[in-house]
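Using the UniProt record's numbering, the first residue of the sequence shown is number 1, and each one after it goes up by one. What follows is a single structure, written as structure tokens, with notes after it.
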Amino acid sequence: MLDEQKLLNQYHLDINQLTHYKYIHFNLLIVSSGKVKVCSTAKNGKNLILSYYLSSGIIGDIEFLTDELKATTTITALSPFFAF
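This is the structure we're talking about:
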């Protein structure tokens with residue numbers, strides 16, 4: 001039998017706190033509240049904003065579907081953020 005407590009870890013980020021640094025192993029996250037931006041660094045060094053998550057969404061779905069074990073983006077909290 002599956003233990004829900006082990007499967008559902010809750011994540012919390014404060015404003016301007018970073019997570020999922022590029023090339024670091026990550027988990028699939030389901031956003032429950034808060035606002036985050038997902039960025040990637042271009043070859044010229046500029047930060048490209050790929051998307052915003054506003055209180056709902058799934059982070060890491062592309063990496064999950066492509067069987068990529070490491071993050072390819074950086075996530076920054078723009079407001080207090082909760083996910084599991």
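Cβ atoms here follow ideal geometry from the backbone N, Cα and C, with glycine treated the same way.
- Phe82: member of the beta strand (DSSP E) spanning Phe81 to Ala83, first to last residue.
- Annotated three-state conformation of Ile30 is strand, per DSSP.
- Contact annotation, Leu48 with Ser40: C-beta distance approximately 5 Å; criterion of less than 8 Å satisfied.
- Bounds of the alpha helix (DSSP H) holding Leu65 are Asp61 to Leu65.
- Residue burial is scored here from C-beta neighbours: Phe84 has fewer than 16 other C-beta atoms within 10 angstroms and is therefore classed as exposed.
- For Thr76, the enclosing beta strand (DSSP E) begins and ends at Thr74 to Ala77.
- Under the DSSP assignment, Ser55 falls outside any beta strand (DSSP E); it carries neither an H nor an E label.
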